[in-house]
Amino acid sequence: MKVLFVCLGNICRSPSAEGVFRALTACETDSAGTAGWHVGKPPYGPMLDAAKQRGYDFSDLRARQFVKQDFVDFDLIIGMDESNVSDIENLRPNGNQTPVRLLTDYAPEAGMDHVPDPYYTRDFSGALDLIEVCANGLVADIG
Ligand code: 4NP
1 MKVLFVCLGN ICRSPSAEGV FRALTACETD SAGTAGWHVG KPPYGPMLDA
51 AKQRGYDFSD LRARQFVKQD FVDFDLIIGM DESNVSDIEN LRPNGNQTPV
101 RLLTDYAPEA GMDHVPDPYY TRDFSGALDL IEVCANGLVA DIG
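Going by the numbering used here, the letters in the sequence shown line up with residues 1 to 143, in that order.
#1: Should proline 15 go down as buried or exposed, given a rule of 16 or more other Cβ atoms within 10 Å for buried?
#2: If you measure from the CB of arginine 122, is any heavy atom of ligand 1 nearer than 6 angstroms?
#3: Say yes only if the C-beta of tyrosine 119 is nearer than 6 angstroms to one or more non-hydrogen atoms of ligand 3, and no if none qualify.
#4: Is the stretch 15 to 33 close to the stretch 66 to 74, with three or more CB pairs under 8 angstroms?
#5: Is the CB-CB distance between phenylalanine 58 and lysine 2 below 7 angstroms?
#6: Within 8 angstroms, do at least three Cβ pairs link the stretch 44 to 57 to the stretch 78 to 91?
#7: On the DSSP bridge list, what partners appear for methionine 6?
If you want it as C-alpha cells, here you go:
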C-alpha cells in the first residue's frame, strides 16, 4: 500500500501526517504540496520542534509539488482540507480511480472536517494532536 499525504506547502501538515503515519505502519509513504513554493526544503522548523517533543523526527523529508503522475504511483491520496482535495482532483488523469480522501475522514470522532494549518494558526501541537488521532484511524482502516 502506497499512501501520499498532500497539503498546500508540504512543510507543515502533510510532512507531519507522513511522519506520524510512517511511525505506525510499514506502508510506503510520501507527501507533497499542491503549491511549489517550498520545493526542496525541509519541513518548517517550528513544526519539526513540536513533533520532536513527542518523539517524531521527519527532518529527512523534503518538499515537492503534487503531480499528475502521483495518481498512478500511489494507492491512496489524502488531503488535509477541501481546497487540497479540489486542487488534487483538478489533475486527475482521465479514467483514473485512485481514491482521494480527507485525513479527518479517518477520525470522525474528532468532529473536524479539515486539519487547520498551523503555519497560520501557530498551533503546532494542536495540529499534531489531530493528525495522531487521524493517523491511528487510517492504520485501523488500511492496516
Ligand atoms: P502546509 O502549510 O500547507 O501545512 O505546509 C503552509 C506552509 C507554507 C505556506 C502555506 C501553508 N506558505 O504560504 O508559504
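For each residue, glycine too, the CB sits at the ideal point set by N, CA and C.
So, from the listed chains and residues:
#1: buried
#2: no
#3: As presented, the structure is devoid of ligand 3, carrying ligand 1 as its sole ligands.
#4: yes
#5: no
#6: no
#7: It is worth fixing the name first, because residue 6 is valine in this sequence and not methionine. Ala32, Gly79.
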